[in-house]
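First to last, the protein sequences are chains A and B.
Just so you know, the first sequence maps onto residues 1 to 313 in my numbering.
Just so you know, the second sequence maps onto residues 314 to 811 in my numbering.
All C-beta atoms in this analysis are idealised placements derived from N, C-alpha and C, irrespective of residue type, glycine included.
Heads up: the structure comes next, in C-alpha cells.
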Amino acid sequence: MLSRIADSLYWMNRYMERTEGILRILRTHYVLSLDKGQYGVNSWKPVVKLFSTQTDPEAADFEYNSIHTINHILLNADNNNSIKVILGRARENARGAQDIITKEVWEQINHLFHTINNPVLIQRFSGNDTLAALDQLLDRALLFSGVTDSTMPRNMGWNFMNLGKFIERCMITVELSDMNFEEGDYNLSVNRDILFWRSLLFSLSGYELHLKTYRSSNYTNSVANQVIFNKQFTHSLVYCADRIRYYLYKIIEDNRPEGADHLLKHFGRLHSYIAFADMETVKQEGLKPFFARIRQDLLQLNKNLGQQFFSYS
Amino acid sequence: MPTQVVAILFFYQNGNMEKDGLLEKYISQSGIWDEMRGETGVRNQYQRVCDQICTLDTASLVQKETQAGELFMNQGITFTVYSDNAGIERIFPFDIIPRIITAAEWEHIESGIKQRLKALNLFLKDIYSEQQILKDKIIPTELIASCPQYTREVFGIKVPHDIYVHISGIDLIRGDDGKFYILEDNLRTPSGVSYMLENREVTKRIFPDMLANNNVRMVSNYPLILHNILNALSPRQVSNPCVVLLTPGIFNSAYYEHTFLARQMGIPLVEGRDLMVDNHKVYMKTTQGLEQVDVIYRRIDDEFIDPLTFNPSSILGVPGLMSAYRKGNVALINAVGNGVADDKAVYAYVPAMIKYYLNEEPILPNVPTYQMMDTDARQYVFENIRGMVLKRTNQSGGYGMLMGHKANEEDLVKARKEVEADPRNFIAQPIIQLSTVPCFIDGQFRPRHVDLRPFALCGPDGIQIVPGGLTRVALREGSLVVNSSQGGGSKDTWVSDL
C-alpha cells in the first residue's frame, strides 16, 4: 500500500470519527440545555474550549447561546476544528484514496460533505429544526461507519482506517472524561448525581449501558470505571486500546517494517498502562495525571505511526 | 420548472403521424445537419427513442433531468469552481436525450480512425528516428523544427512495440453535408472517457429499458481493454507487472476520471510524490518499502513529467523519470513527445501522411486548413475572414480561437497583427456548422451543436475502439464551441444496431 494512501485513510477515519463524536456531543448538550434545572442548562464554554480553535476569552460569548455555539462548532469555516472544515479534510483524504476505498464509502463522505455545505442547513439551525438537523447529520455519520464496515475489504487499508478510528475515539473519550471529571476536581470520593453524568454518558453513547451494568449509587466511581475499564463499552479506553493493538499488530505483521520494535514497545507500555490498571491504582495515581499520560502517549503514538508508515514526501 | 404541465413532447403512432407537442416546436435549423430530423421527418435510428419519450410529460422529463444531476453530484463527478473562496462544486451538464449513431456510420468512423492512428504512429516513430518523411519533403522540415511540441529529448528512444499513441480521443464533427470530418487528433492525454462510461450508467438509471429496445452496443469493457494493453507493455517479463496511473492530484479538473479508471482497472492511483527513481528504475513508496513500477499510465503533460528534463519548477512529476524511460525500464503511456503529431499545423499534413506511410486514401477527411505561413492562404483567409475560424496551433480546450462571424472589427485587426507577427502559430479553417441534436433545455427541445470523440486504444494486438464515445454539446444557443470550459455539456452516445 502506498504510504500516502495509508496516511489518507488513517486521517480520513480520524476525521470521520471526530465528526461523529462532536455531533453526538452537540446533540447531547443541546438536548440537556433545554431542561431548566440543576443539571439542565449547561454552559457551552467547555465544549467550545475542547472542540474549537477559538481562544478562551472569546469562548465566554458562547456560554448559554446554543444556536450560536452549534453554528460555530458545525459551520464556522474560521474554526479549524468545525465539522465543516474537518469534513472537507476527510473528503480530501478520501478523494486522494478514492481508488482504494469502495464507491459506497466515497459516496457517504461525499454526501455528508454536500449536506454540511448546503445553505439550507444554516436555516434549519436557526429555525425550530435544530434537533432534526443534528439527527440527520449524526445518522449520516453513523451510516458512514456501517457502510464502511459492510463494504470495505479487510486489507491493509482497512487496518489503517481502523487504527485512525480508534486512536481518535480514545482521544475523544480521554478529553471528554477529563472535561467532566475536572468539574469535581477529579475527586473520585465525591459522589455526583447520575443527572450530572448524563452529559458524558450520552455523549459517548454509554448511558443505557451504565444503567444496565452498574448497581452502585456511587456514580462518580462507576462512571470512571465504565469509561476506563469496561470492555463491553465501545468507547472505553480499554476497548479502544485493545482495538488499536489488534490493528497495529495486523499492520506490522503484513508490512514487517524495520524499526517496528520501537513502535510496538511504546504502544505496549500505553496499552498495559490502561489494561493492567484498576480503580485503586487510578485513585492512587490521581485521575488527572492518568488522563494526561494517556493523552501524551496517544500523541506520541500518532507521531511514531507517521514516522514509521507515512513518511513519503 | 413550469407549473403548467405541457402535454407530450414527441408523439408518434404507427409511422410518422405527429401529434402536437414539443417536437412540433423542435425546429432543426435549415442548412444544418440534424442528427434526429431528416428532410422527411425523424430518422430511423431515433424513431424508437421518440416513441418512448412521447409517453412522458414535461414534468417527468424535468424530473429525469434532476435525477441525472443528483446521480453525478452524489458520486462526486464534479469539478470545482474556484471563482469564490467557497470552492463551489458543479457537475458537467448532462443532456438526457442520447445521440445515436447507426451501425453503418460507425463502421465508417471506426475504419477511418484506425487508418489515421496507424499513420500517426508511423509518423511519430519516423519523426523521432529516421525522419524519412522530412527527407522526402512530404512535410516541410521548418514546420517540425518550429513546432514547440517536437521533443528533442525523446529522439531515438525506442518504445515497446513501436506504439506511441496508445490512447487517443480524436474529435470528429459532422458538416451540413452529413459527412464526418476529423477536427483534431488528441494524442497526448485525452480525457472524457469516464463521462462516456458514466453517461451510459446514468441513462440506464433514467431510461432503464430504452437501451435494450434500441440494441445499443456496450461500452463498459473499455477499462478492461485498457488494462490488458497496459499489462502487455511491461518491459519486465513478469506475470503480474506493476501498472500505475499517475495523476497530478486531487485539484486536477479530470481527477474524477483518474480515480474512476484506476478503480475500474484495479491499479494504484499514484501522484508524483509517491514515485522515485533509483538507478534508472522507478519505484513507488509503500508501507512495505519500495516497489518497482513497470508501466505508468500518466495523466500529466510532458512538460511537467520530469523536472530534470523538462520544466524544472514542476512538482507534479518524478525527477529522473525520463532516464528510466530512456533505458527502457518503464513504459509511459502515452509516449512522450506525441504533441508534435497533434499540433494544429501538422494536422493539415495527416492526409499526406496516410498516403505516404500507408499508400491509402484517407477514409475520414480533414477540415480544410489554411497554413498562415503561406502568404496566399493568409490573404485568402483575411478576405473571407467572416466565414473562417482562426486558431492558435499550440492551444486547445476552446482557447485561443477567433470565430470570424462573431468577431468585431477591433478583434479582427488585433488578430491580423498577431498572425502577421507570428504566422507559424496560426491556422484558419472555414467555419463548419456542426450538426445538431435535440437537447432538453428549460422544458423544451432545442437544437444544439455537437461533436463526437470516440476513444481508440492501440496495443500490441491492434487498434480497438469501443462503440460510442463522448458527444459534447455546445449548450449556448448558436454556439459552436463544445468545450466544457466554455459552457459545453455532454450526451450519452449510442451505436445502435437497428
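Can you give me the Cβ contacts of A:D35 inside the same chain, cut-off strictly under 7 Å, excluding the 5 residues immediately before and after it?
Here residue 35 of chain A refers to the residue found at position 35 of the first sequence. If we look at A:D35 and ignore the five residues flanking it on each side, it has no Cβ neighbours.
Can you tell me whether A:Y15 is buried or exposed, with buried defined as 16 or more other CB within 10 angstroms of its CB?
Here the question's residue 15 of chain A lines up with position 15 in the first sequence. When all chains shown are included, A:Y15 counts as buried.
Using a Cβ-Cβ cut-off of 7 Å (strictly less than) and excluding sequence neighbours within five positions of B:G782, which residues of its own chain qualify?
In the second sequence, residue 782 of chain B corresponds to position 469, counting from 1. Cβ within range, chain order: M509, L765, R766, P767, F768, T806.
Tell me the DSSP bridge mates of B:G802?
One-based indexing of the second sequence puts residue 802 of chain B at position 489. According to DSSP, which records beta bridges pairwise, B:G802 is partnered with B:V786.
Contact under 8 Å by Cβ, A:E107 with B:Q577
In the first sequence, counting from the first residue as 1, residue 107 of chain A sits at position 107. In the second sequence, counting from the first residue as 1, residue 577 of chain B sits at position 264. Contact: no.
Could you check where the alpha helix (DSSP H) with B:R282 kicks off and where it finishes?
The shown model of chain B, from 314 to 811, leaves out residue 282 of chain B, and the question about it has no answer.
Could you check the C-alpha separation between B:K332 and B:G344 for me, to the nearest Å?
The count along the second sequence starts at 1 and reaches residue 332 of chain B at position 19. The count along the second sequence starts at 1 and reaches residue 344 of chain B at position 31. Low local confidence applies: a pLDDT of 41 at B:K332 is under 50, so the model's placement there is unreliable, with the coordinate-based value given in what follows. Computed Cα separation, rounded: 25 Å.
Which of helix, strand or coil does DSSP assign to B:E511?
As a first step, residue 511 of chain B must be located in the second sequence, where it is residue number 198. Correct three-state label for B:E511: helix.
Quick check on the burial criterion: 16 or more other C-beta atoms within 10 angstroms. Buried or exposed for B:M531?
Residue 531 of chain B sits at position 218 when you count from the first residue of the second sequence. Exposed: under 16 other Cβ atoms inside 10 Å.
Could you pull the DSSP bridge partners for B:L645 from this structure?
For the purposes of this step, residue 645 of chain B is taken as the residue at position 332 of the second sequence. Partner(s): B:I609.
Have a look at B:S442 and B:D615 and give me their C-alpha separation to the nearest angstrom.
As a first step, residue 442 of chain B is located in the second sequence; it is residue number 129 there, counting from the start. As a first step, residue 615 of chain B is located in the second sequence; it is residue number 302 there, counting from the start. Computed Cα separation, rounded: 19 Å.
Taking C-beta pairs closer than 8 Å, name the residues in chain A that B:A665 reaches, listed in chain order.
Taking the second sequence and counting its residues from 1, one reaches residue 665 of chain B at position 352. Neighbours of B:A665 on chain A: none; closest Cβ ~42 Å, over 8 Å.
DSSP-derived helix/strand/coil call for B:G334
Stepping through the second sequence from its first residue, residue 334 of chain B is reached at position 21. Note that B:G334 scores 48 on pLDDT, short of 50, meaning its location in the model is unreliable and no value can be drawn from it.
Residues, ordered as in the chain, of the segment 599 to 620 of chain B that lie near chain A by beta-carbon distance below 7 Å:
T599, T600, Q601
A:W106: contacting residues in chain B (beta-carbon distance under 7 Å):
Working through the first sequence from its first residue, we reach residue 106 of chain A at position 106. G389, listed in chain order.
Given A:G96 as reference, the closest of A:I86, A:M12, A:I194, A:E183 once Cα atoms are compared
Taking the first residue of the first sequence as 1, we reach residue 96 of chain A at position 96. The candidate whose alpha carbon is nearest that of A:G96 is A:M12.
In chain order, what residues of the same chain lie with their CB nearer than 8 Å to the CB of A:A6, ignoring the 5 residues before and after it?
In the first sequence, residue 6 of chain A corresponds to position 6, counting from 1. Hits under 8 Å: M156, G157, F160, F309, F310.
DSSP on B:I744, reduced to helix/strand/coil?
By 1-based counting over the second sequence, the position of residue 744 of chain B is 431. Here B:I744 sits in coil by DSSP.
To which residues does DSSP link B:R766 through a beta bridge?
Here residue 766 of chain B refers to the residue found at position 453 of the second sequence. B:L783, per the DSSP bridge assignment.
Relative to chain B, which residues along the segment 80 to 112 of chain A have a C-beta separation below 7 Å, given in chain order?
E92, R95, G96, Q98, D99, W106, E107, N110, H111
Own chain residues within Cβ distance below 8 Å of B:Y662, not counting five before or after
For the purposes of this step, residue 662 of chain B is taken as residue 349 along the second sequence, with counting starting at 1. So the qualifying residues of the chain are I451, I452, L456.
Along the beta strand (DSSP E) that carries A:S43, what are the first and last residues, could you check?
As a working mapping, residue 43 of chain A is identified with position 43 in the first sequence. Careful: A:S43 lies outside any beta strand (DSSP E) and carries neither H nor E.
Extent of the continuous alpha helix (DSSP H) to which A:P289 belongs
Residue 289 of chain A sits at position 289 when you count from the first residue of the first sequence. Its alpha helix (DSSP H) spans residues 287 to 305.
Proximal residues, the segment 582 to 600 of chain B versus chain A, C-beta separation under 8 Å
L582, V583, E584, R586, D587, M597, K598, T599, T600
Note down, one range per segment and in chain order, each alpha helix (DSSP H) of at least 4 residues found wholly within the segment 362 to 423 of chain B.
371 to 387
Give the interface partners of A:H262 over in chain B, defined as CB-CB distance under 7 Å, in chain order.
The residue you call residue 262 of chain A lines up with position 262 of the first sequence. Within chain B, no residue comes near A:H262; the closest Cβ sits about 16 Å away, beyond 7 Å.
Nearest-angstrom Cα separation, counted from A:V227 out to A:C240
The sequence position of residue 240 of chain A within the first sequence is 240, counting from 1. The sequence position of residue 227 of chain A within the first sequence is 227, counting from 1. If you take the alpha carbons of A:C240 and A:V227, they lie about 10 Å apart.
With a threshold of 8 Å between beta-carbons, can B:T572 be considered close to chain A, or not?
By one-based count along the second sequence, residue 572 of chain B stands at place 259. True, the Cβ-Cβ gap to chain A drops below 8 Å.
In whole angstroms, what separates the C-alpha of A:D195 from that of A:L287?
Residue numbering aside, residue 195 of chain A sits at position 195 when the first sequence is read from its first letter. Residue numbering aside, residue 287 of chain A sits at position 287 when the first sequence is read from its first letter. The sequence shown places Leu at residue 195 of chain A, not Asp. Taking the straight line from one Cα to the other gives about 21 Å.
Which of the residues in the segment 553 to 567 of chain B, read from start to end, lie with their CB under 7 Å from any CB of chain A?
I563
My guess is that B:M597 and B:D619 are in contact by the Cβ rule of under 8 Å, so how many angstroms apart are they, rounded?
Against the second sequence, residue 597 of chain B aligns to sequence position 284. Against the second sequence, residue 619 of chain B aligns to sequence position 306. Their Cβ separation, rounded to whole angstroms, is 16 Å, which puts B:M597 and B:D619 out of contact at 8 Å.
Apply the 10 Å Cβ neighbour rule to B:Q342 and answer buried if 16 or more other Cβ atoms are within range, or exposed otherwise.
Indexing the second sequence from 1 puts residue 342 of chain B at position 29. Flag for B:Q342 reads exposed.
B:R487 bridges to which residues according to DSSP?
Counted from its first residue, the second sequence places residue 487 of chain B at position 174. According to DSSP, which records beta bridges pairwise, B:R487 is partnered with B:F493.
Amino acids of chain B, ordered along the chain, whose beta-carbon sits closer than 9 Å to that of A:A6
The residue you call residue 6 of chain A lines up with position 6 of the first sequence. The answer, in chain order, is T599, T600.
Could you run through the segment 777 to 790 of chain B and flag, in chain order, every residue whose CB is less than 7 Å away from some CB of chain A?
none
Give a yes or no on whether 8 Å exceeds the smallest Cβ distance from B:A381 to chain A.
Taking the first residue of the second sequence as 1, we reach residue 381 of chain B at position 68. It does not; no Cβ of chain A falls within 8 Å.
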